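S.K.:
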Amino acid sequence: MGDLLINLLASVIAGTAVWLTGFLLRRHKLNRARAFFGLTAGASCLLVAARHASSPRESSVHRRDVAALVELATIARECGARADRVGEDQPTGEIGRLTEFCVGGPGGASPRSATHVRAILRGVTYEVFDEEKRRLSFTVGDTEYVFSPETSYVLLARFWGPVGGRPVFFLGGLTAGSNLAGARYLATHHAALHRRFGADRPFALVLRIIEPAAYGTDFTELAADVTDVAFQPVPQPVE
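Quick note on my numbering: the sequence shown kicks off at 150 and runs consecutively.
The structure is reproduced here in structure tokens:
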């Protein structure tokens, strides 16, 4: 009888230790994700999506951009936060007030993205698609990343405004499918990105999507870390 009680007590202790270890690991993972995304329990964050460029409706969003927003809203929910979708025609408030996920390249359908590129990602330029050039690309420094049927690209960046606060996550893809690839990469690799950049360092990464027509977003890889050239200082006026 005594041996039975000892074995039972040992099992309880072992089970409790396993449960406690798992709980602490989950709590550590949650706290790390919250720090990386600048989110806290019960907080709000903003989802800003570009208007569907070829749709006549002002509030229309491409279905793959909608899927990207779902991925990002899931990140927020897992951090215990709430995601509020904001249209391009709605005010977002000051940068840094809330964590912001901005989805869409800075073409005519995404003035918010264009503002971020113009004000903060000054080492990046986007080639806006038109019928004559039939070209989609962005350039970081001296390197141009061009869309083709076999390859697409998305710029994934995290940065802060001039007064700090909460971060902005920028997903500026050459296509809506590229935006979705960027959102899924962020959802899958944020722990590795936290180990590399911590919770308070900006980064800018170019992701390459291989054979998107055949593989969708499944074959997405890091093409280049362009952090050093994407963020250029504000030009000083000539005296």
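Note that the Cβ used here is the ideal one computed from N, Cα and C, for glycine as well. Since this is a predicted model, take the numbers as computed values, not measurements.
Pull the bridge partners of Asp322 from the DSSP assignment, please.
M.R.: As a first step, residue 322 is located in the sequence shown; it is residue number 173 there, counting from the start. Note that residue 322 is Gly in the sequence shown, not Asp. For Gly322, which the question treats as bridged, DSSP gives the partners Val303.
S.K.: In whole angstroms, what separates the C-alpha of His343 from that of Cys228?
M.R.: Here residue 343 refers to the residue found at position 194 of the sequence shown. Here residue 228 refers to the residue found at position 79 of the sequence shown. Taking the straight line from one Cα to the other gives about 15 Å.
S.K.: Expressed to the nearest angstrom, what Euclidean distance is found between the alpha-carbon atoms of Asp291 and Ala225?
M.R.: Walking along the sequence shown from the start, residue 291 turns up at place 142. Walking along the sequence shown from the start, residue 225 turns up at place 76. Cα to Cα, the separation comes out at about 35 Å.
S.K.: Is Gly313 buried or exposed, if buried means 16 or more other CB atoms sit within 10 Å of its CB?
M.R.: Residue 313 sits at position 164 when you count from the first residue of the sequence shown. Classification for Gly313: exposed.
S.K.: Let me check one thing: in DSSP terms, what residues is Cys194 bridge-paired to?
M.R.: Your numbering for residue 194 matches position 45 in the sequence shown. In DSSP, Cys194 forms a bridge with Ala232, Thr248.
S.K.: If we define contact as Cβ-Cβ less than 8 Å, is Ala184 a contact residue for chain D?
M.R.: Considering every chain present, this structure includes no chain D. It has just one protein chain.
S.K.: Given a cut-off of 8 Å, decide if Ala340 and Arg181 are closer than it, judged by their beta-carbon atoms.
M.R.: For this step, residue 181 is matched to residue 32 along the sequence shown. For this step, residue 340 is matched to residue 191 along the sequence shown. Yes, these two residues count as a Cβ contact at 8 Å.
S.K.: In terms of alpha-carbon separation, which member of Ala363, Ala216, Pro351 lies closest to Asp377?
M.R.: In the sequence shown, residue 377 corresponds to position 228, counting from 1. Nearest C-alpha to Asp377: Pro351.
S.K.: Please work out which residues of its chain come closer than 7 Å, Cβ to Cβ, to Pro298, disregarding the five sequence neighbours upstream and downstream, and give them in chain order.
M.R.: Taking the sequence shown and counting its residues from 1, one reaches residue 298 at position 149. Hits under 7 Å: Ala362.
S.K.: Would Ala217 be called buried (16 or more neighbouring beta carbons within 10 Å of its own) or exposed?
M.R.: Position 68 of the sequence shown, counting from 1, holds the residue named residue 217. Burial call: buried.
S.K.: Considering only DSSP beta bridges, list what Phe287 is partnered with.
M.R.: By one-based count along the sequence shown, residue 287 stands at place 138. Beta-bridge partners assigned by DSSP to Phe287: Tyr275, Tyr294.
S.K.: What is the DSSP secondary structure of Ile359, counted as helix, strand or coil?
M.R.: In the sequence shown, residue 359 corresponds to position 210, counting from 1. Three-state DSSP puts Ile359 in a strand.
S.K.: Enumerate in chain order the residues of its own chain whose CB-to-CB distance from Thr369 is below 6 Å, with the five nearest sequence positions on each side excluded.
M.R.: On the sequence shown, residue 369 is found 220 positions in, with the first residue counted as 1. Correct list, in chain order: Ala330, Tyr334, Leu356, Ile358.
S.K.: State the DSSP-derived secondary structure class of Gly314, mapped to helix, strand or coil.
M.R.: Sequence index remark: in the sequence shown, residue 314 carries index 165 (1-based). If DSSP states are grouped into helix, strand and coil, Gly314 belongs with the strands.
S.K.: Just the Cα atoms here: how many angstroms apart are Ala353 and Leu221?
M.R.: Locating residue 353 in the sequence shown gives position 204, counting from the first residue. Locating residue 221 in the sequence shown gives position 72, counting from the first residue. The alpha-carbon atoms of Ala353 and Leu221 are separated by roughly 18 Å.
S.K.: Closest to Ala230 by CA distance: which of Gly191, Leu179, Thr264, Val197 is it?
M.R.: The sequence position of residue 230 within the sequence shown is 81, counting from 1. Residue Gly191 is the option with its Cα nearest to Ala230.
S.K.: The alpha helix (DSSP H) with Ala348 in it runs from where to where?
M.R.: Taking the sequence shown and counting its residues from 1, one reaches residue 348 at position 199. First-last for Ala348: undefined, no H or E at that position.
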